[in-house]
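Below is one structure, written out as structure tokens; comments come after it.
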Amino acid sequence: MPKIPLINIKKLSVGFKSKSGEMLPVLRSINLKLHAGESLGLVGESGSGKSTLALAAMGYLKSGLSLMEGNVSFEYHDMFNLDHKRLQKIWGRELALVPQNSGQSLTPTMRVGQQLREVLEFHNLKKDKAIHQRIIQLLTQVRLPEPETLLTRFPHELSGGQQQRVAIAIALAGEPKVLLLDEPTTGLDVTTQAHILELLREIANKTQMALLYVSHDLGAIARVCDEVLVMYAGQAVLSGSAKTVLRSPSHPYAHGLLASIPKLNDPSLPDALEGRPPAPGQASAGCAFADRCFIAENICRTEHPPVKKLSDSQKTRCHFPDLVKKISSNKASEKKKFNFKNDSPTISMNELSIRYKNK
Numbered sequence: 479m480p481k482i483p484l485i486n487i488k489k490l491s492v493g494f495k496s497k498s499g500e501m502l503p504v505l506r507s508i509n510l511k512l513h514a515g516e517s518l519g520l521v522g523e524s525g526s527g528k529s530t531l532a533l534a535a536m537g538y539l540k541s542g543l544s545l546m547e548g549n550v551s552f553e554y555h556d557m558f559n560l561d562h563k564r565l566q567k568i569w570g571r572e573l574a575l576v577p578q579n580s581g582q583s584l585t586p587t588m589r590v591g592q593q594l595r596e597v598l599e600f601h602n603l604k605k606d607k608a609i610h611q612r613i614i615q616l617l618t619q620v621r622l623p624e625p626e627t628l629l630t631r632f633p634h635e636l637s638g639g640q641q642q643r644v645a646i647a648i649a650l651a652g653e654p655k656v657l658l659l660d661e662p663t664t665g666l667d668v669t670t671q672a673h674i675l676e677l678l679r680e681i682a683n684k685t686q687m688a689l690l691y692v693s694h695d696l697g698a699i700a701r702v703c704d705e706v707l708v709m710y711a712g713q714a715v716l717s718g719s720a721k722t723v724l725r726s727p728s729h730p731y732a733h734g735l736l737a738s739i740p741k742l743n744d745p746s747l748p749d750a751l752e753g754r755p756p757a758p759g760q761a762s763a764g765c766a767f768a769d770r771c772f773i774a775e776n777i778c779r780t781e782h783p784p785v786k787k788l789s790d791s792q793k794t795r796c797h798f799p800d801l802v803k804k805i806s807s808n809k810a811s812e813k814k815k816f817n818f819k820n821d822s823p824t825i826s827m828n829e830l831s832i833r834y835k836n837k
């Protein structure tokens, strides 16, 4: 008997009404399944619909957005047919969110311990005597040192990395089945990012909790996620295993994202992804990426590409997936290389001394 997915999204379209009364889609016919223990990364440029899709998976749409068609299921629940009271019981308990800019999501006038206690009490997760012990356990789980001291502090007294770990601890308080993460490492330094990503992977492996990870950082997705869904102009254009998609993408947009990343072992400049995605309602009748694509033909501008299953590990929405890898390799060989090994130093300092003036 096949496993029932925790999250099952079928033909989901979400949009907003323009001034003329026309419905403009920001998500178009999205299909997605997420099972226990799986980790799925949603990637794409800003405005591609990643965060909207993640919130829709919780049964939540931002103000002004409406469900156009399709449905979202969490286990046996149709999320858009539940009333707010039922949704509140699911949110934080079975589905939890770690928002972007965690420092801003924490209540500035409440101590860390109070904020964790509030979540536990709201969901009736622990009796009063056990709440303190559970709070210490959560802070320890996210590797925060001296939890007894930290729970008495206010958010502004913590570093960005500590604030992020507190936000994760709050999300984990209800022992959710699915954890949604919206750019959880934005604004953190590289070392702290690495520690947070390692922490998320470790927690997911230990608990069999499913992860839905929203990011434009392909490196972070590669470290945390098993599967990837690439989004462009509100559509899913490529999906498959993270290893396959990030090493050998079969869609030109995904190739463009990867080619724009600088590489330390490559002296050539990265290829910039020229142009910008179409605004809602402005996509052509054909492929939404056609105007920016390096392999586009006439058919790409007139016929909407169907989803093609290339293998068990990759599906793409492209008329010419076989050409992507072939032509992209030729483009790579034509890239202009720069020789940084020359006799003239970029910066030169000799016998430099700096002194501070006493007040």
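The numbering used here puts the first residue of the sequence shown at 479, with every later residue one more than the last.
Glycine residues also receive a C-beta, built at the ideal position from the N, C-alpha and C atoms.
With C-beta atoms as the reference, is residue i less than 9 Å away from residue j?
i	j	result
G515	A720	no
I508	K481	no
A761	T780	no
F632	R589	yes
M536	L484	no
S726	K803	yes
I773	L742	no
L666	G639	yes
E752	S517	no
G591	A649	no
Measuring straight from C-alpha to C-alpha, what distance separates residue i and residue j?
i	j	result
G581	D660	13 Å
A810	A750	Any reading at A810 must be qualified, since the residue scores a pLDDT of 49, below 50, and its modelled position is unreliable; no value is offered.
F798	L788	11 Å
L707	L689	13 Å
V715	H729	7 Å
C703	Q792	15 Å
N579	M709	22 Å
L747	Q671	25 Å
V597	M501	37 Å
H610	R643	18 Å
K540	P586	24 Å
N486	I568	16 Å
L735	E626	44 Å
P823	S738	27 Å
K511	I613	32 Å
H555	I674	31 Å
K814	L628	In this predicted model, K814 has a pLDDT of only 48, less than 50, meaning its place in the structure is not dependable; the value taken from the coordinates is given anyway. If I take the Cα positions, the gap works out to 52 Å.
Y731	C771	7 Å
T669	H782	43 Å
A768	K684	43 Å
C796	E775	11 Å
S826	I832	16 Å
H634	H601	26 Å
F552	V692	18 Å
E829	L584	48 Å
M546	G499	14 Å
Q566	H733	40 Å
Give me the residue from the options with the minimum Cα distance to residue i.
i	options	result
A532	V576, V723 and V644	V576
Y538	A645, S524 and D561	D561
P662	E680, Q641, V656 and E653	Q641
G548	S541, M557 and K540	M557
V656	Y710, I646 and R595	I646
L520	I485, I699 and S738	I699
G652	V620, E523 and E599	E599
G718	S583, T794, P623 and D606	T794
D695	P740, L628 and G591	P740
L724	G522, P623 and A534	G522
P654	M687, G525 and L830	M687
L617	H634, D606, H601 and Q593	Q593
R679	S551, Q619, A608 and S637	Q619
Leaving out five residues on either side along the sequence, give the residues of the same chain with a beta carbon under 8 Å from the beta carbon of residue i.
i	result
V504	V492, G493, F494, G527, T530, L543, G712 and P758
R621	R643, H673 and L677
What are the residues that DSSP puts in a beta bridge with residue i?
i	result
P730	Answer is none; P730 lacks a bridge partner.
K488	N549
T794	L716 and K786
Y841	Because the chain here runs from 479 to 837, residue 841 falls outside it and cannot be looked at.
L518	L690 and E705
P503	G493
D695	According to DSSP, which records beta bridges pairwise, D695 is partnered with nothing at all.
D556	S551
I508	L490
Within a Cβ cutoff of 7 Å, which residues of the same chain sit near residue i, ignoring the five residues on either side of it in sequence?
i	result
P756	A711 and A766
T664	Q578 and N579
G525	P755
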